[in-house]
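Report on one structure; see the data block that follows.
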Amino acid sequence: MARDMNANFYVALGVGANALWGAAFIVPYALHDFPSELITVFRYAIYGITSIVILLLLGLGNVKISLPIFMAGNAISFCGNVGYYLFLTLGIKYSGFVYPALIIGLLPVSVILLAAFQDKRQSLLGLLPGMGLIVFGIILINYLNVNNSSGLSLDGDHVRGIGFSLIALSLLTIYCIANASFLKSNIGISSLRWAGLLGICALWQSILFSLCALVFAGYDISVFKAYSADRLIAFTLGVVFLGVFVSYLAMWLWNVSSRHISSIVAGRVLCLETIFALAYGYALDAHMPRAFELLGICLIVFGGYLVQWHAEAARQDA
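Converting from the sequence shown to the numbering used here requires adding 66 to each position, the first position being numbered 1.
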């Protein structure tokens with residue numbers, strides 16, 4: 067009983083992380099008049115600064131980190147933060163929102179598949195029904211958007227956008243698996259300290275990204291002169307929320323959770339990010355979900371429970 071309560075507690079932390087990550091789609095929607103590159107740079111810069119401040123306040127900043135761990139932190143941070151977001155925005159730029167939404171929505175399935183290949187106790191055939199429901203639910207949620215789009219043509223720009231979106235999905239999948247594996251094999255590094263290290267890595271990567279944006283896209287501080295004071299306040303509040311809560315707090319919650327739950331269960335929990343994002347969108351637009359979206363949400367939830375049920379049954383039989 068105590069073991070089940072502990073497992074439920076760590077799953078709940080994962081749910082909290084996904085509730086915060088779901089808001090990551092809403093802030094750019096509310097700040098639609100600001101370039102996505104600027105939102106990216108300031109989000110991860112604030113994430114890094116927050117990490118440094120908290121590490122110093124808690125006395126965790128004077129711990130020596132070996133070069134292999136620092137390099138691993140940079141790779142994992144790039145996959146889950148700047149790299150993922152960079153390729154996602156490129157995918158949206160070239161192919162619009164429909165293809166990237168469908169592709170990134172497959173994250174729970176890609177995580178479950180990769181985890182199943184790593185865990186010899188899991189039968190891929192047994193996981194297929196749950197994963198199939200998740201995929202079908204994601205397609206249903208996006209059905210009306212696809213229907214209302216200008217067509218799913220496959221010209222050169224669309225192919226590039228799909229390619230960038232697939233890279234973003236691959237990076238995020240690698241992050242989920244590699245981050246959990248690192249935490250489980252390095253119990254001497256606390257989840258809080260690891261979240262801080264990933265934030266510091268995201269900070270210097272965002273600085274590098276901002277230099278690229280300056281050189282190739284021509285952005286500089288003068289772009290802010292085009293906005294009113296109210297919009298600048300909204301931008302500041304938005305990127306602070308993204309950096310402190312959606313990035314740092316969610317990363318810490320996910321680190322604690324993924325250290326104690328299997329990657330397959332983590333894949334099921336990741337389904338909730340899409341559902342939270344939809345719920346926030348409905349609230350922001352003040353409308354109820356449509357029939358296809360409700361059915362899709364139900365299929366995703368039920369598919370996630372099927373996946374977790376099979377994973378737990380396989381562990382008990384092993």
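Each residue gets a CB set at the ideal place from its N, CA and C atoms; glycine is no exception. Bear in mind the structure is a predicted one, so any value in this text is a computation, not a measurement.
Check: How should W375 be labelled, buried or exposed, when 16 other C-beta atoms within 10 angstroms of its C-beta is the threshold for buried?
Finding: One-based indexing of the sequence shown puts residue 375 at position 309. Burial is judged here by how many other beta carbons sit within 10 angstroms of a residue's own beta carbon; W375 has fewer than 16 and is exposed.
Check: Should the stretch 249-258 be called in touch with the stretch 89-106, which here means at least 3 C-beta pairs below 8 Å?
Finding: Counting Cβ pairs under 8 Å, fewer than three are found: no touch.
Item checked: I158 (DSSP reduced to helix, strand or coil) -> Position 92 of the sequence shown, counted from the start, is the residue given in the question as residue 158. Helix, per DSSP.
Check: If we ignore side chains and look at the alpha-carbon of each, how far apart do A89 and W320 end up?
Finding: Translated into positions along the sequence shown, residue 89 becomes position 23. Translated into positions along the sequence shown, residue 320 becomes position 254. Their backbone Cα atoms lie some 15 Å apart in a straight line.
Item checked: Inter-residue Cα distance where the pair is I200 and G370 -> By one-based count along the sequence shown, residue 200 stands at place 134. By one-based count along the sequence shown, residue 370 stands at place 304. Between the C-alpha atoms of I200 and G370 there is a straight-line separation of about 7 Å.
Note to self: With distance defined between alpha-carbon atoms, name the residue in A345, F248, A300 nearest to P134.
What the structure shows: Here residue 134 refers to the residue found at position 68 when the sequence shown is read from its first residue. The shortest C-alpha separation from P134 is found at F248.
Note to self: Please tell me whether L235 and I169 are closer than 9 Å, where the distance is taken between their beta carbons.
What the structure shows: If you number the sequence shown from 1, residue 235 lands on position 169. If you number the sequence shown from 1, residue 169 lands on position 103. A distance below 9 Å separates the beta carbons of L235 and I169.
Margin query: Looking at L152: is its Cβ nearer than 9 Å to the Cβ of P166?
Written below: The residue given as residue 152 occupies position 86 in the sequence shown. The residue given as residue 166 occupies position 100 in the sequence shown. The Cβ atoms of L152 and P166 lie no closer than 9 Å to each other.
Check: Rounded to a whole number of angstroms, what is the C-alpha to C-alpha distance between L173 and L336?
Finding: Here residue 173 corresponds to residue number 107 of the sequence shown, with the count starting at 1. Here residue 336 corresponds to residue number 270 of the sequence shown, with the count starting at 1. Answer to the nearest angstrom: the Cα atoms are 8 Å apart.
Notebook entry, point to check: For Y314, which of helix, strand or coil comes out of DSSP?
Noted result: The residue labelled residue 314 in the question sits at position 248 within the sequence shown. If DSSP states are grouped into helix, strand and coil, Y314 belongs with the helices.
Next item on the list: Note down, in chain order, each residue of its chain lying with its Cβ closer than 8 Å to the Cβ of D223, except the 5 sequence neighbours on either side.
Entry: Taking the sequence shown and counting its residues from 1, one reaches residue 223 at position 157. Correct list, in chain order: Y160, S161.
Check: Nearest chain D C-beta to I327 closer than 9 Å, yes or no?
Finding: Any reference to chain D falls outside this structure, which holds one protein chain only.
Note to self: Taking 9 Å as the threshold (C-beta atoms), are W87 and A316 in contact?
What the structure shows: As a working mapping, residue 316 is identified with position 250 in the sequence shown. As a working mapping, residue 87 is identified with position 21 in the sequence shown. Taking 9 Å as the Cβ cut-off, A316 and W87 qualify as a contacting pair.
Next item on the list: Starting from V93, follow the alpha helix (DSSP H) in both directions and report where the run begins and ends.
Entry: Locating residue 93 in the sequence shown gives position 27, where the first residue counts as 1. 92-96 is the extent of the alpha helix (DSSP H) around V93.
Checklist line | Outcome for I142 when other beta-carbon atoms lying within 10 angstroms are tallied against a minimum of 16 | finding: Numbered from 1 along the sequence shown, position 76 holds the residue referred to as residue 142. It is buried - the Cβ of I142 has at least 16 other Cβ atoms within 10 Å.
Item checked: Nearest neighbour of K266, chosen from M137, Y76, A292 [CA to CA] -> As a first step, residue 266 is located in the sequence shown; it is residue number 200 there, counting from the start. What sits at residue 266 in the sequence shown is Ile, not Lys. Checked all of M137, Y76, A292; the closest Cα to I266 is M137.
Next item on the list: Under the assumption that Y110 contacts S313 (Cβ atoms under 8 Å), give the Cβ distance between them as a whole number of angstroms.
Entry: Locating residue 110 in the sequence shown gives position 44, counting from the first residue. Locating residue 313 in the sequence shown gives position 247, counting from the first residue. Correct: roughly 7 Å between the Cβ atoms.
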